[in-house]
Amino acid sequence: DFTNDNVKYASKSGGIWTLETVDAVGNVGYYTSLALDAQGNPRISYHDSSNGDLKCASKSGGIWTLETVDVTGLVGYYTSLALDSQGNPRISYQEFLNGDFKYASKSGGIWTIETVEAAGNVGQYTSLALDPQGNPRISYQDNTNFDLKYASKSGGIWTIETVDAVGSVGQHTSLVLDAQGNPRISYYDNTNFDLKYASAAVELSDPSPGAVWPVGASRTITWNGTGRVDLYLSTDGGSGWQLYESGLTGGEHRLIVPHTPTRFAAVKLERAVPRSVSKTPGLFTIETSVALLSFAAQISPAGTGADLSWASDPGPADLAGYRIERSDPASASGFRTLVSLTRETTYRDVTGAAGGHYRLFAVNGLGEELLLGEAALLPARPLAAWPMPYRSGQLSVSFARGSPPA
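Position 4 (the sequence shown) corresponds to 20 in the numbering used here; numbering is contiguous.
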């Protein structure tokens, strides 16, 4: 509450907002951060501007308790609060006078204060998360170099990483950890006025849910993230996974779609170190069939030969091509191959003649053939129409009738 210099807390229940004054002593309530314990009780970290202290407020049984956490220097700027599995508070914050980045943790009723980094003016815009073991992970800005940085503690040792050093970045950070503990950070790029996102995880970007993969087609798996990953394919919605390729790098991998038709396909990427798993957020389809949209044979305009045209779904981009057969009474099957493989959708049979029959096959990338359909080259038949020229009224048309050649 800037008017009264108070820390306030608002909660909504049953559609009604309730407002409470938490701390009204002096000029307090800057840089607040809120967390709830397992029972839903609020915990709030904040800056006491009158005394330059870091404070923490907790409510239990309807009573607010205020604690002064750190009084050394001008502390409590840019606080971020998290609770461990036992409900103990952990706070990241900046000591403003020296520009130090600090961390406070409470255990057994005792607060412990640590300096995470003291090189330059650091620790602005902190965001704190705890891994499943309770180890702190913190994103923040290095205001000396205007970089986004990340601090993690493991085995009692703090490790500092520069995440983004391009331009003036790292303001207004927000950190979460995924299921494997990989950090994801959103932050502001003050140079380009952009919202940015940084991730240490492997993140699958393609295929998308609802995609259709034709069997034998070439498809590309794409992802963001570094390190070697193993590629898995599921045909039962993710209940079972089969290793497809291992040790992939570079963010993309091109593959030939296997003959595993299903409406419940999914892809998974796994990185061993540091562990990261990413799956398609929905299912896609692996389709073995090829639909014939059209197939026609007609006498060439010159009057000799035959012009063939066709269309299919999937088309030539997702097939090895098409094979064409023409009827041949001398062949045991009654047909012989006219074109062994083409990726075109038209063909001129210069020796084609009326009465000929054609068969069209799709050939997928695995070399498998599917018969799409047949077309017959029927002889042209003369039409007679009268009166000519026609202007209005009745028009009569006559033509010969007969069965097509066998």
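The beta-carbon is built from N, C-alpha and C at its ideal position, and this holds for glycine as well.
Where does Ala333 fall in DSSP's three states? helix
If we count the other Cβ atoms within 10 Å of its Cβ and call it buried at 16 or more, is Leu70 buried or exposed? By the Cβ neighbour-count rule, Leu70 is buried, with 16 or more other Cβ atoms within 10 Å of its own.
Collapsed DSSP secondary structure at Glu36 in the structure displayed: Reduced to three states, the DSSP call for Glu36 is strand.
Inter-residue Cα distance where the pair is Ser65 and Val87: 11 Å
Classify Ser343: buried if its beta carbon has 16 or more other beta carbons within 10 angstroms, exposed otherwise. Buried, by the Cβ-count rule.
CA-CA distance, Gly372 and Tyr363? 15 Å
Check for me: the beta strand (DSSP E) holding Gln140 runs from which residue to which? 138 to 146
Return the Cβ separation of Ala287 and Val218 in integer angstroms, given the expectation that the two are a contact with Cβ distance under 8 Å. Before going on, a small fix: residue 287 reads as Arg here, not Ala. Arg287 to Val218, Cβ: 5 Å. Contact.
Residues near Asp17 by beta carbon distance below 8 Å, same chain, minus five either side: Val23, Lys24, Thr37, Gly45
For Trp33, count neighbouring C-beta atoms within 10 Å of its own C-beta (all shown protein chains included) and say buried if the count is 16 or more, exposed if not. A residue is called buried once 16 or more other Cβ atoms fall within 10 Å of its Cβ, and Trp33, having fewer, is exposed.
Rounded to the nearest angstrom, what separates Asp53 and Glu303 at their Cα positions? 50 Å
Counting C-beta neighbours from all protein chains within 10 Å, is the total for Asn208 16 or more, i.e. buried, or is it exposed? exposed
Pull the bridge partners of Tyr93 from the DSSP assignment, please. Gln110
Answer with buried or exposed for Gln410, where buried requires no fewer than 16 other C-beta atoms within 10 angstroms of its C-beta. Exposed: under 16 other Cβ atoms inside 10 Å.
What residue from Gly298, Gln187, Gly68 has the CA that sits closest to Thr223's CA? The question names Thr, yet the displayed sequence has Pro at residue 223. Of the listed residues, the one whose Cα sits closest to Pro223 is Gly298.
Straight-line gap, Gln110 to Phe162 (C-alpha atoms, nearest Å): 15 Å
Would the beta-carbon of Pro105 fall within 7 Å of that of Lys122? yes
With a threshold of 8 Å, are at least 3 pairs of Cβ atoms found where one atom belongs to the stretch 382 to 393 and the other to the stretch 303 to 314? yes
Separation of Val355 from Arg375, as counted between CA atoms: Rounded to whole angstroms, Arg375 and Val355 show a C-alpha spacing of 11 Å.
Leaving aside the five residues before and after Gly42 along the sequence, list all residues of the same chain whose C-beta is less than 8 Å from its C-beta, in chain order. Excluding residues within five positions, the ones whose Cβ falls inside 8 Å are Asp21, Asp64, Ser65, Ser66, Asn67.
Return the chain-ordered list of same chain residues with a C-beta closer than 6 Å to the C-beta of Ser74, the five sequence neighbours on each side being excluded. Arg59, Thr81
Residues near Leu309 in its chain [Cβ-Cβ closer than 7 Å; skip 5 each side]: Around Leu309: Ala327, Ser328, Asp329.
Out of Ser184, Val289, Thr278, Arg279, state which residue places its alpha-carbon closest to the alpha-carbon of Asp205. Ser184
Is Thr189 closer than 7 Å to Ser215 when the C-beta atoms are compared? No; because the gap between Cβ atoms is not below 7 Å, this pair is not in contact.
Other residues of its chain near Gly254: CB distance less than 6 Å, five sequence neighbours each side excluded: Ala282
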